[in-house]
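Colleague:
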Amino acid sequence: MDEKYHVISTLVEDKPGVLQKVAGMFNRRGFNIDGITVGSSEVEGLSRMVITVHADEKGLEQVMKQLNKLIDVIKIKDITEKAVKRELCLVKVSIPNAEARAEIMQYSNIFRAHILDVTEETLMMELTGDKNKINAFISLLEGYGIKRIARTGLTAMSRGV
């Protein structure tokens, strides 16, 4: 089975239980949701779900057909190939000394991370970008002692019209 990473943009009714129905459908079909983000859309009363999943072409087709059957789902689109993809990461790192603080701040500048909070012992930063950029930033900080990481998961929007 040749599974590929897919990004599915779904417009759904903005009402309680819709997320549970969508997640339940994936569960019943034996697919694991790698990531899901949900938020308001440009249309009043509708939300946009961006779902990432690993599936072969047959599996993706099955998922799309099953999503279409859900009454609360308005529109579905596979935007894998033509999307701008981003993730948000908050990371809090230990600061053992002034030299480490300067190095971490320099990494933040290189990666265009925003410093959100500074204490004597920690530094909290916000970074947006693709998965590889965030993973690279985190790996640089691991030597200092990461206290906490919070990642949103991927969100995406198709390019053009």
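Number 328 marks the last residue of the sequence shown (my numbering); no jumps. The beta-carbon is built from N, C-alpha and C at its ideal position, and this holds for glycine as well. Treat the numbers as computed from the prediction; the structure is a model and nothing was measured.
1) In angstroms with no decimal places, state the Cα-to-Cα distance between A272 and K232.
2) Go through the region 222–265 residue by residue and report every complete run of the beta strand (DSSP E) that reaches 3 residues or more, in order.
3) Per DSSP, which residues does M291 bridge with? Please list them.
4) Output the boundary residues of the beta strand (DSSP E) element that contains V179.
5) How many Å lie between G296 and V174 at the Cα?
6) Which whole-angstrom value describes the C-beta separation of A323 and S176, a residue pair presumed to lie in contact below a C-beta threshold of 8 angstroms?
7) Mind checking E254: buried by the 16 CB within 10 Å criterion, or exposed?
8) Please classify R127: does DSSP put it in a helix, a strand, or coil?
9) Alpha carbons only, please: which of I277, R315 and S325 is nearest the one belonging to F304?
10) Would you kindly report the start and end of the unbroken alpha helix (DSSP H) that includes S208?
Modeller: Short version:
1) Going by the sequence as given, residue 272 is Met instead of Ala. Taking the straight line from one Cα to the other gives about 48 angstroms.
2) 240–245 and 250–261
3) K259 and D284
4) K171 to E180
5) 16 angstroms
6) 7 angstroms
7) buried
8) Nothing can be reported for residue 127: it is not among the residues displayed for the chain, which extend from 168 to 328.
9) I277
10) Where S208 is concerned, there is no enclosing alpha helix (DSSP H), given that its DSSP letter is neither H nor E.
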